[in-house]
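Visitor:
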Amino acid sequence: MAKSKNNAKKLSYISVPSQIINSISSSSLQSLLDSPKKSSRNTNNNRFFIFFTNSTSTIIFRKQRLWFFTLFLFGFLGMLKFGLTLHTPFPPYPCATTTLLPQNMISTTPHSKSNLGAVLRENNDQKKDEVLLSHVELRAQGLEKVEGDEGVEKSEFWEKPDGLGYKPCLSFSRDYRRASEGVLKDRRKYLMVVVSGGLNQQRNQIVDAVVIARILGAALVVPILQVNVIWGDESEFGDIFDLEHFKRVLANDVRVVSALPSTHLMTKPVEGSPPLHVTPSWIRSRYLRRFNREGVLLLRSLDSRLSKDLPSDLQKLRCKVAFNALRFAQPIQELGDGIAERMQSKGPYLVLHLRMEKDVWVRTGCLPGLSPEFDEIVNNERIQRPELLTARSSMTYHERKMAGLCPLNAVEVTRLLKGLGAPKNARIYWAGGQPLGGKKALLPLIQEFPHFYSKEDLALPGELQPFANKASIMAAIDYIVSEKSDVFMPSHGGNMGHAIQVCFLSCYSDSSIN
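The numbering of the sequence shown is our numbering, which starts it at 490 and goes up by one.
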C-alpha cells in the first residue's frame, strides 16, 4: 500500500490492564517500546512485527500460535498476581508511609492534615517534655549514654573542601615598611576609640581602629569597650584579649599605648563619627589637619565605617589584626581549648551558632514561632523598646521571613541539617545565648540529634563561675570552640558567622607574619 508523505503521522495506543503491566518486568516493557524498524532489522522471520499506516492500521502476525501463546502467558501471570498477590517491584501505594495511624486519629474534614498535626502535637507534648528534662538532667550529671556514642560514623558530611592551593600571604610592600618607621616614631598624635556592641562587633571595630591609626600616622590608645545595653557586660579590653600580645604583634605597624601620656591629658580631643564605608583619603581630608593641631582624636561608632575595599597593604593589616593580634586572654583561651578538646575526643564535630535569644527576635522584627504566648512577649518588648528594632521597620514579619531576614528556629535548623546529610549521631556544639523558651525551644534538635552539647554541658564544675554574667567572655569561649570545629553553621547571618567563615579561609600561623 502506498503511503502519502504529506500526511501527518497518527499515534495509536494499546490499552493493557494495570495488573498485567505490574507483572511485566522492566526488560519486557523496554522490548515493547523498541522502535519497530530497529526490531525488524535485527530479527528473523520467525518473529512478529507491527506497523501502522495513515489510512488503516494493518497488523501482520508471523507465527500466530506463538503470539496467542504469549498473550495467554501474560494473562495467566496477571491472574496469578491478582489472585495470589505475588511480589512486584512496585508497591501498591508508592507514597504511603510506614507509620500507620489509629482509626480514631484520621479526620475526614477538609482540614484533616492540620488537625492531624494538632492531635499529634497534643498527644506527644507531655512525652517530649519528659524526654527533654531527663536528657538535660543526665547530661548535667555526666551520666548520659546515647546509642551510637562510641564514635561518629564516616560521612561525606565531614569531608573538607578543596583549598585550591591558596595559602596565607602577609608580605607587606617596600613602601609600607619604609613608612612604618615614621609612623612608629610619631609622639604627637593619639587616636582614642570607643567600641560598642557584642564581642564580634567589638572585634571588627578594633580591627578598623588599628587601620585608621595607621592611615593617620598616629599611636592607638587601647580601645575602650562600651558597656552593652542588652547584656550589661562591663569587661575591659585586657579582660577579654591578651594586651601584651596585641602590642607585640603590631609593633612594626602601629604603636599601641595603654593610656594617653601626661602631655595630652588636658587636651580637648577632636571628636568624630565617620559615615559608612569611608575611604582612607576621606579620613585624611576630614581629620588630619585638626588632628595635627590638637593631638588627640576620639572616634565613636566604628562599626562598618571603614571601606571593605582598601589598598592591599591596609587590607593585609586588617587581616593581621583580626587573626593574629587579637588573641584571647590566657584564662579564656585555655578554657575554650579544653572544651574544644572534649568535643574532639570522639571524632569530628559541628558547631551551630543559634540566634534564638529574646533580643534577637526583637531586633530582627521576627517571631520565634514557639507559641502565641512567646510571640506576644516579643511584640510587647518591641513596642516598649522600639530603638532595638534594627531591621527594616516598614516590613511585616511575614515579609521578613520570606525575604530570608529572620533567624532559623530549631525546627528549620533540624530540617537543614538533615537535608545536608548530617548523620544522626553527629556531635553538635551549640554556641549562643539562652534561647527564648529555654530548653524546650531546642527540643526538635535534641530529638533528632541526641549528641547536642553547650559549654555549660561540657565544662567541669566551677570552670565557668569566674565568667558568670560576662556575656562577651562567654561568646569568646564559643568563638574558640567554633574556630576548632570541623563544620560551622550559623542560624542567622551576623558578625560571628562572617568572622568564622573568614577564619576558616585565612587563619595564619605566627610564622607567616612579616
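Ideal Cβ positions, reconstructed from N, Cα and C, are used throughout, including at glycine. If you're wondering where the values come from, they're calculated on a predicted model, not measured in any experiment.
1) Could you tell me which whole beta strand (DSSP E) segments of length 3 or greater appear in the region 891–972?
2) Please go through the same chain and pick out, in chain order, the residues whose beta-carbon is closer than 6 Å to the beta-carbon of L787, but skip the five residues on each side of it.
3) Runs of 4 residues minimum, wholly inside the region 646–697: which ones carry the alpha helix (DSSP H) assignment?
4) So who's on the other strand from H842, going by DSSP bridges?
5) Of the choices S669, Y942, V991, whose alpha-carbon is the least far from that of A811?
6) Do you know how far the Cα of L765 is from the Cα of K736?
7) With distances taken between CB atoms, is the gap from A911 to L824 smaller than 9 Å?
8) Using the Cα positions of L815 and I729, report the straight-line distance between them to the nearest angstrom.
9) In angstroms, rounded to a whole number, what distance separates the CA positions of V672 and F977?
10) Does the beta-carbon distance from L749 to V710 come in below 9 Å?
11) Rounded to the nearest angstrom, what separates L839 and G982 at their Cα positions?
12) Taking its Cβ as the centre, do 16 or more other Cβ atoms sit within 10 Å of Q691, making it buried, or is it exposed?
13) Determine, using beta-carbon pairs with one atom in the region 909–925 and one in the region 829–837, whether at least three such pairs fall under 8 Å.
14) Mind checking whether L925 and W850 have CB atoms under 9 Å apart?
15) Helix or strand or just coil, what does DSSP make of E876?
16) Would you list the residues sitting across from E760 in a DSSP beta bridge?
17) Drop a sphere of 10 angstroms on the beta-carbon of A899, count the other beta-carbons inside from all chains shown, and report buried for 16 or more, exposed for fewer.
18) Can you tell me the Cα-Cα spacing of D742 and P857, whole angstroms?
19) Helix, strand or coil for R628? Go by DSSP, reduced to three states.
20) Please report how far the alpha carbon of K907 lies from the alpha carbon of D651, in whole angstroms.
21) Which residues in the same chain as R871 place their Cβ atom closer than 8 Å to its Cβ, once the five residues preceding and following it in sequence are excluded?
22) Considering only residues of the same chain and omitting the five flanking positions on each side of F726, which have a CB-CB separation below 7 Å?
23) Starting from L709, follow the beta strand (DSSP E) in both directions and report where the run begins and ends.
24) For a test of the three-state rule: what should DSSP assign to L555, helix, strand or coil?
25) Quick one: any contact between the region 881–898 and the region 953–960, if contact means 3 or more CB pairs under 8 Å?
26) Could you give the distance in angstroms between the alpha-carbon of M755 and the alpha-carbon of V699?
27) Give the DSSP-derived three-state secondary structure of V700 in the structure shown.
28) Here's the rule I'm using: 16 or more other beta-carbon atoms within 10 Å means buried, otherwise exposed. How should G951 be labelled?
29) By the three-class DSSP mapping on this structure, what secondary structure does V738 have?
30) I'd like to check one pair, W647 with P837: are the Cβ atoms closer than 9 Å?
31) In whole angstroms, what is the alpha-carbon distance linking R677 and Y655?
32) Which residue or residues does DSSP assign as beta-bridge partners of L714?
33) Here's the rule: buried if 16 or more other CB atoms are within 10 angstroms of the residue's CB, otherwise exposed. What is G721?
34) Need the endpoints of the alpha helix (DSSP H) that G825 sits in, please.
35) Go ahead and label Q694 buried or exposed: buried means 16 or more other beta carbons lie within 10 angstroms of its beta carbon, across all protein chains shown.
36) What is the rounded straight-line gap between the Cα of S774 and the Cα of A702?
Guide: With the structure as the only source:
1) Those beta strand (DSSP E) runs which fall completely within the region 891–972 and span 3+ residues are 916–920.
2) The answer, listed in chain order, is M681, P758, E760.
3) List check, alpha helix (DSSP H) in window: 663–674.
4) Assignment of beta-bridge partners to H842 by DSSP yields A920, P979.
5) With distances taken between Cα atoms, A811 lies closest to V991.
6) Going from the Cα of K736 to the Cα of L765 covers about 28 Å.
7) No, Cβ-Cβ distance for A911 and L824 is not below 9 Å.
8) The straight-line gap separating the alpha-carbon atoms of L815 and I729 is approximately 9 Å.
9) F977 has its alpha-carbon roughly 39 Å from the corresponding atom of V672.
10) Going by beta carbons, L749 and V710 fall inside the 9 Å limit.
11) In a straight line, the C-alpha of L839 is about 17 Å away from that of G982.
12) Label assigned to Q691: buried.
13) Cβ pair count under 8 Å is three or more, so yes.
14) Contact flag set, yes.
15) The DSSP-derived three-state label of E876 is helix.
16) For E760, the beta-bridge partners assigned by DSSP are L787.
17) It counts as buried.
18) Cα to Cα, D742 sits roughly 46 Å from P857.
19) Because the pLDDT at R628 is just 43, under 50, the model does not fix this residue reliably, and the value given afterwards should be weighed accordingly. Of the three classes helix, strand and coil, the one that applies to R628 here is helix, per DSSP.
20) Here the C-alpha atom of K907 lies approximately 23 Å from the C-alpha atom of D651.
21) Only V851, G854, L877, L878 meet the Cβ criterion.
22) Hits under 7 Å: V711, P712, L714, L732.
23) Where L709 is concerned, the enclosing beta strand (DSSP E) stretches over 708–710.
24) If DSSP states are grouped into helix, strand and coil, L555 belongs with the helices.
25) Below 8 Å, too few C-beta pairs join the region 881–898 and the region 953–960 to call them touching: fewer than three.
26) Rounded to whole angstroms, M755 to V699 spans 24 Å at the Cα level.
27) Of the three classes helix, strand and coil, the one that applies to V700 here is helix, per DSSP.
28) With fewer than 16 Cβ atoms within 10 Å of its Cβ, G951 is classed as exposed.
29) Secondary structure at V738: helix, using DSSP grouped into helix, strand and coil.
30) Judged by beta-carbon spacing, W647 lies within the 9 Å limit of P837, meaning their Cβ atoms are closer than that value.
31) Between R677 and Y655, the C-alpha separation is close to 41 Å.
32) According to DSSP, L714 bridges with V684.
33) G721 is exposed by the Cβ-count criterion.
34) First-last of the alpha helix (DSSP H) with G825: 819–833.
35) Using a 10 angstroms sphere on the CB of Q694, the tally of other CB atoms reaches 16 or more, which defines it as buried.
36) So the two alpha carbons sit approximately 14 Å from each other.
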